[in-house]
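Q:
Protein chains: 2
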Amino acid sequence: MSGALKDAIRVERPAKTLRELALDKVREAIVNGYFRPGDRLVERDLCAQLGVSRTVVREVLRHLESEGLVANLPNKGPIVAQLDIDEAKQIYEIRGALEGMAARLCAERRSPEIVAALEESLAGIRNSYRDNDMAAVLTNTSSFYHTLFTMVDRNVAWGVVNLLTVRINHLRSMTIKTERRSIEGPLQMSKIVDAIRRGDGEGAYRAAMDHVAAASAIAEAVLSAKKPAD
Amino acid sequence: MSGALKDAIRVERPAKTLRELALDKVREAIVNGYFRPGDRLVERDLCAQLGVSRTVVREVLRHLESEGLVANLPNKGPIVAQLDIDEAKQIYEIRGALEGMAARLCAERRSPEIVAALEESLAGIRNSYRDNDMAAVLTNTSSFYHTLFTMVDRNVAWGVVNLLTVRINHLRSMTIKTERRSIEGPLQMSKIVDAIRRGDGEGAYRAAMDHVAAASAIAEAVLSAKKPAD
DNA sequence: CTACAGTATCTGGTACGCCATAATACGATT
DNA sequence: AATCGTATTATGGCGTACCAGATACTGTAG
Numbered sequence: 001m002s003g004a005l006k007d008a009i010r011v012e013r014p015a016k017t018l019r020e021l022a023l024d025k026v027r028e029a030i031v032n033g034y035f036r037p038g039d040r041l042v043e044r045d046l047c048a049q050l051g052v053s054r055t056v057v058r059e060v061l062r063h064l065e066s067e068g069l070v071a072n073l074p075n076k077g078p079i080v081a082q083l084d085i086d087e088a089k090q091i092y093e094i095r096g097a098l099e100g101m102a103a104r105l106c107a108e109r110r111s112p113e114i115v116a117a118l119e120e121s122l123a124g125i126r127n128s129y130r131d132n133d134m135a136a137v138l139t140n141t142s143s144f145y146h147t148l149f150t151m152v153d154r155n156v157a158w159g160v161v162n163l164l165t166v167r168i169n170h171l172r173s174m175t176i177k178t179e180r181r182s183i184e185g186p187l188q189m190s191k192i193v194d195a196i197r198r199g200d201g202e203g204a205y206r207a208a209m210d211h212v213a214a215a216s217a218i219a220e221a222v223l224s225a226k227k228p229a230d
Numbered sequence: 001m002s003g004a005l006k007d008a009i010r011v012e013r014p015a016k017t018l019r020e021l022a023l024d025k026v027r028e029a030i031v032n033g034y035f036r037p038g039d040r041l042v043e044r045d046l047c048a049q050l051g052v053s054r055t056v057v058r059e060v061l062r063h064l065e066s067e068g069l070v071a072n073l074p075n076k077g078p079i080v081a082q083l084d085i086d087e088a089k090q091i092y093e094i095r096g097a098l099e100g101m102a103a104r105l106c107a108e109r110r111s112p113e114i115v116a117a118l119e120e121s122l123a124g125i126r127n128s129y130r131d132n133d134m135a136a137v138l139t140n141t142s143s144f145y146h147t148l149f150t151m152v153d154r155n156v157a158w159g160v161v162n163l164l165t166v167r168i169n170h171l172r173s174m175t176i177k178t179e180r181r182s183i184e185g186p187l188q189m190s191k192i193v194d195a196i197r198r199g200d201g202e203g204a205y206r207a208a209m210d211h212v213a214a215a216s217a218i219a220e221a222v223l224s225a226k227k228p229a230d
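Residue numbers (UniProt numbering), protein chains in the order written: chain A, 1 to 230; chain B, 1 to 230.
Below, the structure is given as structure tokens:
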């Protein structure tokens, strides 16, 4: 029997361990600001809030630590990682390099399916902006880049980008709210798609780089404006 | 009293938690092949071998899982991650993009210190090859790239590269043993340094890309040659 | 009002126990 | 003898209790 067939009749099981559920909860809590940068994450408090044991909480904290979302002060314990401006810029820079690479690969493949998938995500972004649904903007933007990477089978790079992106997630939600971003963001992304459509690898690379460079610039402005107030 | 002075008399403490020690041990055991890909990592056995409690072992396993060195089969438990050839190629590709980026930045900075530091590492590599000390070759190669990234303050990218590199570590130790690598490897790296010295960003970028591309090609050859035998 | 001692808090780490599941071995039935 | 059902074992997932060491807080005595 073929493997595919065997998979087809396989019974779907929840399969999520308690740990994974807790991990998702805490990560989410951090990225949408329920826990603020610098906040202490007291193990036993988390146990109570999540309704799980310390064993689970500790594993979750270790995991988030290796994701860079949580920092561990010696003899003090875990806190939500602070994002300094330089680190944010570095993350944007890396994303630029990797997304540019993926965009170039997409362009070189010249596949109509890629273009169609990207345009669908892009339309989703435009709609979300129109509806003022910022959460949906983020989701659709993620999906845009997700297709960009997975269409050319670059799941490892996508993993890296994802890993880095959660660390700047609250920045992202600030940059997309910027006035001009609702017009320029989709415009830059459509330039990426256009270059891919005409098979212009170099153009796609540069367009992708430009897009994150713009995001980086906005983030820097936002971050340095917030710093003195905070 | 100034902070610096206070630091100066501060007593140096191990500061490494047991968990970190265990983490290093297990990671090392995996990367130099004491645990082979596909091996099961039985928690209670590891407890005995490491002399630590299950809690610590579990946290270590979670950490390694998020590093990609360990995979978790549902209802089966953790095993040493298998490295498939496609994933390895992706990792080399990402390294190319990031190391190329760093090399370009180094070239654009035109700093003699960078060139000096790189040449020192390069000399170390040449010596290690001459002495047939392959472990030293790996260490010095790492140090070469470490300076490449840190000299232009790209510690995040360096972290990413490092994270990915451990996953292909046993491949690295195979590629550097290849006959021609002992000549071509340092040659390609010296091309990077040359380009940096003359401030040729584009050249440095391409030279860095070429170097990992060559490594990737060797790795692919090695890996596909080993597959049928295994 | 300050210095010091005691106390509460919290993490790092350990030990142990319970449960669920998967695999295997074993035994009974046809 | 083949098959089916059951008991056992191995193992991970999870919880609880406990201790040691570091730190932060607090109240009291001088």
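Idealized CB from N, CA, C, for every residue including glycine. If you're wondering where the values come from, they're calculated on a predicted model, not measured in any experiment.
In chain order, what residues of the region 79–102 of chain A put their CB closer than 7 angstroms to some CB of chain B?
A: From the region 79–102 of chain A, only Glu-87, Gln-90, Ile-91, Ile-94, Ala-97, Leu-98 and Met-101 have a Cβ closer than 7 angstroms to chain B.
Q: At a CB-CB cut-off below 7 angstroms, which residues of chain A make contact with Arg-58 (chain B)?
A: Within chain A, the residues near Arg-58 (chain B) are Glu-59.
Q: Would you say Ile-79 (chain A) and Gly-51 (chain A) are within 9 angstroms of each other, going by their C-beta atoms?
A: For Ile-79 (chain A) and Gly-51 (chain A), no; Cβs fall outside 9 angstroms.
Q: Could you please give the first and the last residue of the uninterrupted beta strand (DSSP E) stretch that includes Gly-77 (chain B)?
A: 77–80 is the span of the beta strand (DSSP E), which, as asked, contains Gly-77 (chain B).
Q: Where do the N-terminal and C-terminal ends of the alpha helix (DSSP H) with Leu-46 (chain A) fall, by residue?
A: Per DSSP, Leu-46 (chain A) belongs to the alpha helix (DSSP H) from 43–50.
Q: Measuring only the C-alpha atoms, how far is Ala-48 (chain B) from Val-57 (chain B)?
A: Looking at the two C-alpha atoms, the distance is approximately 10 angstroms.
Q: Measuring only the C-alpha atoms, how far is Val-60 (chain A) from Gly-203 (chain B)?
A: Approximately 44 angstroms between the Cα atoms of the pair.
Q: Is the shortest distance between the beta-carbon of Arg-172 (chain A) and the beta-carbons of chain B less than 9 angstroms?
A: No, its Cβ sits nowhere closer than 9 angstroms to a Cβ of chain B.
Q: Under 9 angstroms between C-beta atoms, does Leu-164 (chain A) make it to chain B?
A: Closer than 9 angstroms: yes.
Q: Quick check on the DSSP output: the beta strand (DSSP E) that includes Leu-164 (chain B) runs from which residue to which?
A: Run containing Leu-164 (chain B): none in the beta strand (DSSP E); it sits in the alpha helix (DSSP H), 155–167.
Q: Taking DSSP as the reference, what is the three-state secondary structure of Leu-83 (chain A)?
A: Reduced to three states, the DSSP call for Leu-83 (chain A) is coil.
Q: Which word fits Arg-44 (chain A), buried or exposed, when buried means at least 16 other C-beta atoms lie within 10 angstroms of its C-beta?
A: That one is exposed.
Q: Kindly indicate which residue of A:Ala-219, A:Leu-105, A:Leu-18 and A:Leu-83 has the alpha-carbon position closest to the one of Pro-74 (chain B).
A: Pro-74 (chain B) has its Cα closest to that of A:Leu-18, out of A:Ala-219, A:Leu-105, A:Leu-18 and A:Leu-83.
Q: Kindly give me the distance between the Cβ atoms of Ile-196 (chain A) and Ala-107 (chain A), rounded to whole angstroms, as I take these residues to be in contact under 8 angstroms.
A: Their Cβ separation, rounded to whole angstroms, is 4 angstroms, which keeps Ile-196 (chain A) and Ala-107 (chain A) in contact under 8 angstroms.
Q: Inspect the beta-carbon positions of Glu-28 (chain A) and Val-156 (chain B) and report whether they are closer than 9 angstroms.
A: The answer is no: Cβ separation not under 9 angstroms.
Q: From Val-137 (chain B) to Arg-181 (chain A), what does the alpha carbon distance come to, in whole angstroms?
A: Distance between the alpha carbons of Val-137 (chain B) and Arg-181 (chain A) is about 48 angstroms.
Q: Hey, is Thr-55 (chain B)'s beta-carbon within less than 9 angstroms of any beta-carbon in chain A?
A: Closer than 9 angstroms: yes.
Q: Can at least three beta-carbon pairs, one atom from the region 114–128 of chain A and one from the region 164–171 of chain A, be found at a separation below 8 angstroms?
A: The region 114–128 of chain A, when compared against the region 164–171 of chain A, does not touch it at the 8 angstroms Cβ threshold.
Q: Using DSSP with H/G/I as helix, E/B as strand and the rest coil, what is Val-26 (chain B)?
A: In the structure shown, Val-26 (chain B) sits in a helix (DSSP, three-state: H, G or I).
Q: In terms of residue numbering, what span does the beta strand (DSSP E) encompassing Leu-64 (chain B) cover?
A: Premise fails: Leu-64 (chain B) lies in the alpha helix (DSSP H), 54–67, not in any beta strand (DSSP E).
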